[in-house]
Amino acid sequence: MLYFVARRLVSALSVVLATLIATFALFFVAPTDPAGAICGERQCTQQRYNEIRQNLHLDRPKVQQFAEYTAGIFTGRDFTTSGVTQHCAAPCLGFSFKNDRPVTEMIKTRFPVTVSLVLGYAVLVLTIGVFVGSMAAKRRGTLGDRALMTSTLVVSSVPYYIVALMVALYLTVLYPILPRGEWTPISENPAKWAAGLLTPWLVLGIYNCTAYARYSRGSMVETLSEDFIRTARAKGLSDRVVTYKHALRSGLIPVVTIFGLDVAGSLGGAIFTERIFDLPGLGVLVLDSLNSYDLPVIMGTVLVASVIIVVMNLLVDIGYSLIDPRVRLS
Amino acid sequence: MSNPAPQDRAPEDRKDSMAESAATPPAAAAAAKRGPSVATRERRDGLVNPSGETPYLVVEDLSVKFPTADGLVSAVNGLSYSVPLGRTLAIVGESGSGKSVSSMAVMGLHDRKRTRISGSIRLGGDELIGLSENDLMKIRGDAVSMVFQDPQSSLHPLYTIGNQLTEAYRVHHKVSKDVAKKRALEMLELVGIPNPPRRFAQYPHEFSGGMRQRAMIAMSLINDPKLVIADEPTTALDVTVQAQILDLLNNLQKEFGSAIVLITHDLGVVAEMADDVLVMYAGRCVEYGTAADVLANPRMPYTWGLLESIPTVSAASERLRPIKGLPPSLLNLPDGCSFAARCPYVERVKGELCTTQLPELLPVDGAGAHTSRCHLHDKASIYEAEVAPRLG
Chain A
16 MLYFVARRLV SALSVVLATL IATFALFFVA PTDPAGAICG ERQCTQQRYN
66 EIRQNLHLDR PKVQQFAEYT AGIFTGRDFT TSGVTQHCAA PCLGFSFKND
116 RPVTEMIKTR FPVTVSLVLG YAVLVLTIGV FVGSMAAKRR GTLGDRALMT
166 STLVVSSVPY YIVALMVALY LTVLYPILPR GEWTPISENP AKWAAGLLTP
216 WLVLGIYNCT AYARYSRGSM VETLSEDFIR TARAKGLSDR VVTYKHALRS
266 GLIPVVTIFG LDVAGSLGGA IFTERIFDLP GLGVLVLDSL NSYDLPVIMG
316 TVLVASVIIV VMNLLVDIGY SLIDPRVRLS
Chain B
10 MSNPAPQDRA PEDRKDSMAE SAATPPAAAA AAKRGPSVAT RERRDGLVNP
60 SGETPYLVVE DLSVKFPTAD GLVSAVNGLS YSVPLGRTLA IVGESGSGKS
110 VSSMAVMGLH DRKRTRISGS IRLGGDELIG LSENDLMKIR GDAVSMVFQD
160 PQSSLHPLYT IGNQLTEAYR VHHKVSKDVA KKRALEMLEL VGIPNPPRRF
210 AQYPHEFSGG MRQRAMIAMS LINDPKLVIA DEPTTALDVT VQAQILDLLN
260 NLQKEFGSAI VLITHDLGVV AEMADDVLVM YAGRCVEYGT AADVLANPRM
310 PYTWGLLESI PTVSAASERL RPIKGLPPSL LNLPDGCSFA ARCPYVERVK
360 GELCTTQLPE LLPVDGAGAH TSRCHLHDKA SIYEAEVAPR LG
């Protein structure tokens with residue numbers, strides 16, 4: 016088991032390194048002009064442009080720039096703009112000159128918002144989605160099963176942002192049945208934290224539950240026809256134990272994969288939800304920095320998102336091996 | 010319970026006490042004493058099986074039908090048999106003959122919504138058909154248990170062997186995990202799995218095929234069942250392991266005194282294991298009797314075909330003699346004998362009896378426990394003159 020985790024850890028680290036190189040190359044080696052972007056279009060004099068190039072070390076060789084950027088992640092580095100020197104503490108992901116703040120700090124303030132959002136979402140899809148899917152699998156072919164599967168198809172054929180906008184407009188503004196979305200740190204006021212996130216949780220959770228219900232239904236239908244399920248019934252176990260202990264454990268395996276990638280993707284920023292429900296999360300940060308062409312912030316968020324995906328993949332692999340003992344061998 | 014002498018086990022030891030069974034005299038003697046007329050009547054009433062003992066399991070006029078989009082599939086039609094404690098009944102037939110379907114019905118494992126079952130299944134005198142799911146659950150795995158065909162797919166791949174064994178025990182016994190573990194280790198020891206404590210913590214994929222089937226048998230016997238249904242228990246195993254598993258089942262039966270219904274298509278297994286034999290074809294019983302009668306004096310062309318299709322080592326140069334043709338569709342059974350289309354002896358029956366009228370299951374010698382379903386008049390002489398010499 017330890018060897019398994021160690022091996023996966025090594026391959027995960029190499030993926031992170033590759034992403035680091037790719038991100039850097041995308042913004043600093045490709046024919047883009049970071050200095051021009053920072054300098055802006057109107058008051059950009061040649062002198063200011065050169066100064067920015069110097070401050071960002073853009074006049075140095077690419078390899079050296081990369082080494083400095085990478086070293087900054089571990090040791091921190093200093094940036095000088097217009098004679099003022101700012102320290103960017105490790106892990107330094109660059110410095111946003113547009114906001115006059117280190118990128119890491121910006122991401123740090125946004126990350127808890129997205130994590131809170133995704134946490135509630137994960138709980139909803141894993142409980143309701145999987146439960147509904149298993150129920151449908153057990154009663155496959157009945158009216159209830161068909162109605163459920165049709166309704167999930169209908170829900171998932173309406174784009175998510177339409178649903179979210181409608182709910183925000185009708186249920187929180189025009190007829191305030193649900194609380195409006197707002198961000199309060201959990202350390203400040205847990206009740207307010209939950210109230211502000213309730214509507215986005217429900218919208219994001221219930222909308223995606225339909226997909227999870229379909230995955231788990233398919234997987235459970237397959238599992239329920241396995242020989243070992245017949246054995247479990249022949250032992251005299253109740254229907255409930257057969258379905259939720261014997262079948263669900265193997266039925267969950269494919270769902271875990273999708274879940275891991277889904278959560279990883281959402282952690283990188285749930286752009287629609289954050290925007291519509293006014294939550295200052297990572298997704299909004301990405302959106303804003305794309306609008307203002309704030310390169311260091313874009314780079315930083317891409318890097319963070321890729322690390323999240325790699326970590327989630329690692330967790331999925333470990334989760335796999337906990338569920339299925341046969342995985343540990345290979 | 011590691012090593013009680015075979016006959017020591019008193020009937021009171023068992024859960025619901027079933028009437029006298031182990032102490033009855035040998036089958037043939039009992040049948041002879043009783044005389045043919047009495048034996049026939051009692052058999053018809055389901056009181057006595059071909060070996061002449063009071064049965065534990067009685068199946069009477071069992072029919073299992075599945076409604077499908079193409080029509081009604083008649084998987085089992087009017088099947089009757091019985092098995093006493095301590096005895097083995099082998100149900101023989103090719104794939105789709107209804108042998109597994111009928112025993113799944115005994116376990117109550119068919120999906121109620123998709124199956125129509127009629128007739129009677131009695132276990133120690135208690136009717137099983139019509140019981141609620143909750144009542145059946147109490148019987149499954151406790152009084153009746155099942156050994157499945159392929160232990161690779163029949164054991165849960167994600168739980169340890171120990172977990173699956175203790176679970177089977179704790180469903181029917183309110184005991185702590187430690188007590189159940191002790192019992193599970195005992196069972197693993199009993200079925201000949203070396204180093205039970207280590208094996209207890211292992212997963213099915215860490216077992217070899219034979220060991221897996223031993224674990225499966227340990228699991229099905231853990232609650233000391235009175236009836237064990239073994240559904241082709243050796244099919245997925247290689248030949249040397251097959252013999253070991255059959256020996257194990259035989260020895261355990263002597264020790265536990267259970268009734269065994271052995272489902273197989275291997276007549277070699279039948280010869281080694283069975284007291285009684287029931288040959289099934291297209292959902293019906295076509296021949297039924299003691300193993301000695303059916304194997305030595307078969308009285309039905311389908312049974313002859315089965316015997317002839319066994320390859321013999323001495324006649325190495327000869328080709329296999331398969332039964333030509335295919336079984337009839339269970340959606341639309343023929344009016345006459347189901348085997349008529351494949352039977353090489355159809356012309357010897359006068360008129361078109363074979364294709365128009367279903368032969369009844371009648372005693373082969375006018376009276377007695379050995380019955381077969383065939384219109385042929387001179388079955389004995391045809392067998393002696395034509396079939397027996399070919400069997401070598």
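So the sequences go chain by chain: A and B.
Letter by letter, the first sequence follows residues 16 to 345 of our numbering.
Letter by letter, the second sequence follows residues 10 to 401 of our numbering.
C-beta atoms are modelled at their ideal positions from N, C-alpha and C, and glycine is treated no differently.
> Does the beta carbon of A:I291 sit closer than 8 Å to a beta carbon anywhere in chain B?
Replying inline: Numbered from 1 along the first sequence, position 276 holds the residue referred to as residue 291 of chain A. No, its Cβ sits nowhere closer than 8 Å to a Cβ of chain B.
>> I need the DSSP call for B:Y90, collapsed to helix, strand or coil.
In response: To locate residue 90 of chain B, count along the second sequence from 1; it is residue 81. In the structure shown, B:Y90 sits in a strand (DSSP, three-state: E or B).
> Per DSSP, what kind of secondary structure is B:Q366 in: helix, strand or coil?
Replying inline: Here residue 366 of chain B is taken as the residue at index 357 of the second sequence, counted from 1. Coil at B:Q366, not helix or strand.
> Which residues, in order along the region 166-183 of chain B, keep a beta-carbon less than 9 Å from a beta-carbon of chain A?
Replying inline: P166, L167, Y168, T169, Q173, E176, A177, V180 and H181
> At a Cβ cut of 7 Å, what residues of the region 251-271 of chain A count as close to chain E, listed as they run along the chain?
Replying inline: No chain E appears in the structure shown, which is made up of the protein chains A and B.
>> On a Cα-Cα basis, can you pick out the residue from A:I192, A:K77 and A:E120 that is closest to A:T214?
In response: By one-based count along the first sequence, residue 214 of chain A stands at place 199. For A:T214, the nearest C-alpha among the options comes from A:I192.
> Could one say the Cβ of B:K24 lies closer than 8 Å to chain A's Cβ atoms, at least one of them?
Replying inline: Translated into positions along the second sequence, residue 24 of chain B becomes position 15. For B:K24, the predicted structure reports a pLDDT of 43, less than 50, and the residue's modelled location is therefore unreliable. A value from the coordinates is still provided. Answer no: the Cβ-Cβ gap between B:K24 and chain A never drops below 8 Å.
> Counting pairs of beta carbons, one from the region 287-302 of chain A and one from the region 260-278 of chain A, are three or more of them closer than 8 Å?
Replying inline: no
> CA-CA distance, B:D240 and B:S109?
Replying inline: Within the second sequence, residue 240 of chain B is the residue found at index 231, counting from 1. Within the second sequence, residue 109 of chain B is the residue found at index 100, counting from 1. Distance between the alpha carbons of B:D240 and B:S109: 7 Å.
> So what's B:E393 in DSSP terms, helix, strand or just coil?
Replying inline: Along the second sequence, read from residue 1 onward, the residue named residue 393 of chain B stands at position 384. B:E393: helix per DSSP, three-state reduction.
>> For B:E186, report the span of its alpha helix (DSSP H) as first-last.
In response: Translated into positions along the second sequence, residue 186 of chain B becomes position 177. The sequence given here places Lys at residue 186 of chain B; Glu does not occur at that position. Looking at the DSSP string, the run of the alpha helix (DSSP H) that includes B:K186 is K186 to L199.
> Candidates A:S304, A:G315, A:V317 and A:V326: which alpha carbon is nearest A:N114's?
Replying inline: Taking the first residue of the first sequence as position 1, residue 114 of chain A is located at position 99. Taking only the C-alpha atoms, the option nearest A:N114 is A:S304.
> Which class does B:G80 belong to by DSSP, given the choice of helix, strand or coil?
Replying inline: Here residue 80 of chain B refers to the residue found at position 71 of the second sequence. Judged by DSSP in its simplified three-state form, B:G80 adopts strand.
> To the nearest angstrom, how far is it from the Cα of A:F43 to the Cα of A:K77?
Replying inline: On the first sequence, position 28 is the one that residue 43 of chain A refers to. On the first sequence, position 62 is the one that residue 77 of chain A refers to. If you take the alpha carbons of A:F43 and A:K77, they lie about 8 Å apart.
>> What does the Cβ neighbour count give for A:S172, buried or exposed, with the cut at 16 atoms within 10 Å?
In response: Taking the first residue of the first sequence as 1, we reach residue 172 of chain A at position 157. The residue in question, A:S172, is exposed, as its Cβ has fewer than 16 Cβ neighbours within 10 Å.
> Going along the chain, which unbroken runs of the beta strand (DSSP E) with 3 or more residues stay wholly within the region 327-388 of chain B?
Replying inline: Counting only runs of at least 3 residues, the region 327-388 of chain B fully encloses the following beta strand (DSSP E) elements, listed from N- to C-terminal order: 370-372 and 380-382.
>> Considering only DSSP beta bridges, list what A:S304 is partnered with.
In response: Mapped onto the first sequence, residue 304 of chain A falls at position 289. BP columns for A:S304 are empty, so no partner.
> Straight-line CA distance for B:S347 to B:A291?
Replying inline: Walking along the second sequence from the start, residue 347 of chain B turns up at place 338. Walking along the second sequence from the start, residue 291 of chain B turns up at place 282. Approximately 7 Å between the Cα atoms of the pair.
> Apart from the five residues just before and just after B:D79, which ones in its own chain have a Cβ nearer than 8 Å to its Cβ?
Replying inline: If you number the second sequence from 1, residue 79 of chain B lands on position 70. Answer for B:D79: L340, listed in chain order.
> Quick one: what's B:C294 bridged to in DSSP?
Replying inline: Locating residue 294 of chain B in the second sequence gives position 285, counting from the first residue. B:M289, per the DSSP bridge assignment.
>> Quick check on A:P117: does DSSP put it in helix, strand or coil?
In response: The residue given as residue 117 of chain A occupies position 102 in the first sequence. Residue state, collapsed to three classes: strand.
> Within 8 Å (strictly less), CB to CB, does A:A152 reach chain B?
Replying inline: What you label residue 152 of chain A is simply residue 137 of the first sequence in a count that begins at 1. Chain B, which has no Cβ nearer than 8 Å to the Cβ of A:A152, makes this no.
> Do you know how far the Cα of B:V358 is from the Cα of B:S390?
Replying inline: By 1-based counting over the second sequence, the position of residue 390 of chain B is 381. By 1-based counting over the second sequence, the position of residue 358 of chain B is 349. Roughly 14 Å between the two C-alpha positions.
> What first and last residue would you give for the alpha helix (DSSP H) that runs through A:V170?
Replying inline: Translated into positions along the first sequence, residue 170 of chain A becomes position 155. Element bounds for A:V170: L158 to S172.
> Does B:H214 come within less than 8 Å of chain A when only Cβ atoms are used?
Replying inline: The residue labelled residue 214 of chain B in the question sits at position 205 within the second sequence. Output row for B:H214: interface = yes.
>> Restricting to runs no shorter than 4 residues, where is the alpha helix (DSSP H) found entirely within the region 168-254 of chain A?
In response: List check, alpha helix (DSSP H) in window: 175-181, 205-239 and 242-249.
> Using DSSP with H/G/I as helix, E/B as strand and the rest coil, what is B:E241?
Replying inline: By 1-based counting over the second sequence, the position of residue 241 of chain B is 232. It is coil, neither helix nor strand.
> From B:V156, B:H119, B:Y297 and B:E356, pick the residue whose C-alpha is nearest to that of B:I231; which is it?
Replying inline: For the purposes of this step, residue 231 of chain B is taken as residue 222 along the second sequence, with counting starting at 1. Residue B:V156 is the option with its Cα nearest to B:I231.
> Nearest-angstrom Cα distance between B:S229 and A:A247?
Replying inline: For the purposes of this step, residue 229 of chain B is identified with residue 220 of the second sequence, where counting begins at 1. For the purposes of this step, residue 247 of chain A is identified with residue 232 of the first sequence, where counting begins at 1. Roughly 11 Å between the two C-alpha positions.
>> Any contact between the region 372-386 of chain B and the region 296-305 of chain B? By contact I mean 3 or more CB pairs, one from each, below 8 Å.
In response: yes
>> Does chain B have any CB closer than 8 Å to the CB of A:R232?
In response: If you number the first sequence from 1, residue 232 of chain A lands on position 217. No - not a single Cβ of chain B is within 8 Å of the one on A:R232.
>> Tell me which residue opens and which closes the beta strand (DSSP E) that B:S127 is part of.
In response: Here the question's residue 127 of chain B lines up with position 118 in the second sequence. B:S127 -> beta strand (DSSP E) spans R125 to L132.
> Which residue spans inside the region 24-90 of chain A form an unbroken alpha helix (DSSP H) run of at least 4?
Replying inline: Fully enclosed alpha helix (DSSP H) runs of 4 or longer: 49-54, 61-70 and 77-90.
> Looking at the unbroken alpha helix (DSSP H) that takes in B:L164, where does it start and where does it end?
Replying inline: In the second sequence, residue 164 of chain B corresponds to position 155, counting from 1. For B:L164, no alpha helix (DSSP H) run applies, since DSSP gives it neither H nor E.
> In three-state terms, what does DSSP make of B:R96?
Replying inline: Here residue 96 of chain B refers to the residue found at position 87 when the second sequence is read from its first residue. Residue state, collapsed to three classes: coil.
> What's the C-alpha gap between A:A183 and A:M121?
Replying inline: In the first sequence, counting from the first residue as 1, residue 183 of chain A sits at position 168. In the first sequence, counting from the first residue as 1, residue 121 of chain A sits at position 106. For the pair A:A183 and A:M121, the Cα-to-Cα distance works out to about 27 Å.
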